[in-house]
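FYI, this note's numbering numbers position 49 of the sequence shown as 61, with every residue one higher than the one before it.
Don't be surprised by glycine CBs; every beta carbon is placed ideally from N, CA and C.
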Amino acid sequence: MIPSVLPTYARAPFAFERGEGSWLETTDGRHFLDLGAGIAVTTLGHAHPALVEALTEQAQKLWHVSNLYEIPGQQVLADKLVEATFADTVFFTNSGTEALELAVKMVRKYWYEKGQPERIEIVTFSGSFHGRSTAAIAAAGSEKMVQGFGPLMPGFTHVAFGDHEALRAAITGKTAAVLIEPVQGEGGIRPVPDQCLKGLRDLCDETGALLVLDEVQCGMGRTGRLFAHEWAGIEPDIMMVAKGIGGGFPLGAVLATEAAAAGMTLGTHGSTYGGNPLGCAVGAKVMEIVTAPGFLEAVNRKAAALRQRLEGLVAVHPEVFEEVRGQGLMLGLKCRLPNTDVVRAGYDQHILTVPAADNVVRILPALNIDDDDITEAIERLDAAASAVKGPDA
Ligand SMILES: *Cc1c(COP(=O)(O)O)cnc(C)c1O
């Protein structure tokens with residue numbers, strides 16, 4: 013008999029009741045160190061007092077009114093995002109997938125309004141992930157995600173990650189945009205090198221194609237800059253944000269330049285819940301904290317310490333781990349043994365990590381993880397690695 017919760021997830025056999033900082037407590041009282049942050053979502057840890065306060069304060073006043081009316085909290089968050097980034101304008105969503113949907117509509121409308129409606133193709137990359145809607149699975153194109161769900165939405169051209177020649181060849185007179193994650197998350201923590209992002213920006217400038225960055229996982233301070241593309245010194249035309257921006261409250265956004273957003277006029281897009289007062293109250297507080305002086309410096313310091321110690325772990329367990337990859341606190345352990353075995357061995361040590369493609373274990377702690385918890389994390393990962401390779405190794 014089918015379970016009452018549609019069984020699309022292979023869930024770990026425990027449930028959490030409460031959390032504080034980087035720690036979670038199960039319903040039966042066990043404490044887990046959280047290096048997954050709900051897949052890069054709880055940026056500031058669990059139950060951050062300032063976020064709890066922002067949410068409860070708003071909850072006592074107003075939950076929902078609809079975008080038929082002005083929403084002052086939305087204005088506050090949009091202004092913060094515009095001030096801190098390349099963007100001139102922001103549309104709020106509830107998820108990364110919805111951000112992808114708008115990004116696709118925006119690039120198509122851009123070319124339609126320019127009198128080139130034939131420019132509808134969006135170039136994307138192997139190993140990418142942009143969500144689970146019909147457009148998002150067509151965009152990523154992986155066999156595993158699309159099988160059985162055809163016909164797929166047309167208009168996506170897939171290029172092998174890192175194949176510069178194929179990328180150049182894929183951009184034609186029908187190309188509307190290039191869509192890329194500056195650091196692939198689900199694909200296995202694969203950063204796009206800075207010089208490649210720069211080259212991609214140049215290629216887009218040459219051909220007119222819009223550059224759309226999916227920073228749903230790598231954005232909001234995760235890599236040690238507010239947005240990952242800042243490391244390369246480039247700016248996109250459109251950017252998708254979600255996950256970390258809500259610190260655990262469902263919130264996403266599409267950021268765009270005035271030019272890229274020009275086609276999105278009155279009535280061309282909407283959302284019932286997008287930009288609701290609750291999400292925006294939390295999002296504004298997350299932005300305030302992540303952009304406060306010293307916060308990202310601390311992320312980079314913690315990231316350097318964690319990375320160095322993960323390198324040490326790889327050196328001690330070469331049978332288990334191949335390398336550390338990633339940037340900032342978006343790190344991956346490329347495994348030699350099955351990554352899911354490593355994640356499961358972590359559960360036995362009461363530490364949470366997240367598997368990704370390419371046999372990688374993702375390490376995505378809260379950005380404010382403290383130094384003692386980093387030490388604790390390495391000890392637990394060390395014990396998990398010892399357990400997974402067995403007593404004979
Ligand atoms: C998680 C993710 C998405 C989808 O976000 P949802 O909030 O799950 O819809 C899109 N792009 C990237 C890079 C992601 O990591």
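Checking the 8 Å criterion, the Cβ of Ala240 is out of range of every heavy atom belonging to ligand 1. As the crow flies, the alpha-carbon of Lys156 is around 13 Å from that of Gly143. Taking each of Cys230, Leu223 and Trp75 in turn and checking the Cα distance to Pro248, the smallest one comes out for Leu223. Leu56 is not bridged by DSSP to any residue. Shown here, Gly259 sits in a strand according to DSSP, grouped into three states. Distances taken from the Cβ of Met252 to the heavy atoms of ligand 1 include one shorter than 8 Å. Between Leu263 and Cys292, the CB-CB gap stays under 9 Å. Spatial neighbours of Leu56 in its own chain (CB-CB distance under 7 Å, excluding positions within 5 residues in sequence) are listed in chain order as Leu63, Gly259, Val298, Ile301, Ala378, Leu379 and Asn380.
Shown here, Trp123 sits in a helix according to DSSP, grouped into three states.
According to the DSSP secondary-structure assignment, Trp35 is paired through a beta bridge with Glu32 and Leu45.
Excluding residues up to 5 positions away in sequence, Phe141, Ala368 and Ala369 lie with their Cβ nearer than 7 Å to the Cβ of Glu198 in the same chain. Here DSSP, grouped into helix, strand and coil, assigns Glu130 to coil. Note on geometry: alpha-carbon atoms of Gly233 and Phe307 lie some 9 Å from one another. At least one heavy atom of ligand 1 lies closer than 8 Å to the C-beta of Ile51. Ranked by how close their Cα comes to the Cα of Glu331, the residues Gly279, Asp394 and Thr365 have Asp394 in first place. CA-CA distance, Leu343 to Ile201, rounds to 7 Å.
Distances from the CA of Arg319 to each of Val400, Gly275 and Gly236 were compared; the closest alpha carbon is that of Gly236. Closer than 8 Å to some heavy atom of ligand 1: that does not describe the Cβ of Cys208. Secondary structure note for Asp383: it is in no beta strand (DSSP E), and the uninterrupted alpha helix (DSSP H) holding it is Asp383 to Lys401.
In the structure shown, the three-state DSSP call for Cys347 is strand. Boundaries for Ala178: no beta strand (DSSP E) harbours it, while the alpha helix (DSSP H) harbouring it runs His176 to Ala182, taken from the DSSP string.
Between the segment 272-286 and the segment 106-123, the count of C-beta pairs closer than 8 Å reaches three or more; the two stretches touch. For Thr219, the enclosing alpha helix (DSSP H) covers residues Asp206 to Thr219. Uninterrupted alpha helix (DSSP H) stretches at least 4 residues long and entirely within the segment 237-308 occur at 289-302, given in chain order.
The beta carbon of Val204 lies closer than 6 Å to those of Pro194 in the same chain, with the five residues before and after it left out.
By the neighbour-count definition (other C-beta atoms within 10 Å, threshold 16), Ser107 is a buried residue. Counting along the chain, Gln87 sits inside the alpha helix (DSSP H) bounded by residues Pro84 to Ala96. The criterion of a C-beta distance shorter than 9 Å is satisfied by Thr39 and Ala27. Checking the 8 Å criterion, the Cβ of Val228 is within range of a heavy atom belonging to ligand 1.
Between Ala99 and Thr219, the gap from beta carbon to beta carbon reaches 9 Å or more.
Assigned with DSSP and collapsed to three states, Glu193 falls in coil, not helix or strand. Per DSSP, the continuous beta strand (DSSP E) segment holding Gln339 begins and ends at Phe333 to Gln339.
If you look at Ala368, you'll find it in the beta strand (DSSP E) that goes Val366 to Ala368. Nearest to Tyr359 by alpha-carbon distance, out of Leu376, Ala399 and Arg131, is Ala399.
By the CB criterion at 9 Å, Leu89 and Phe103 fall outside the cutoff.
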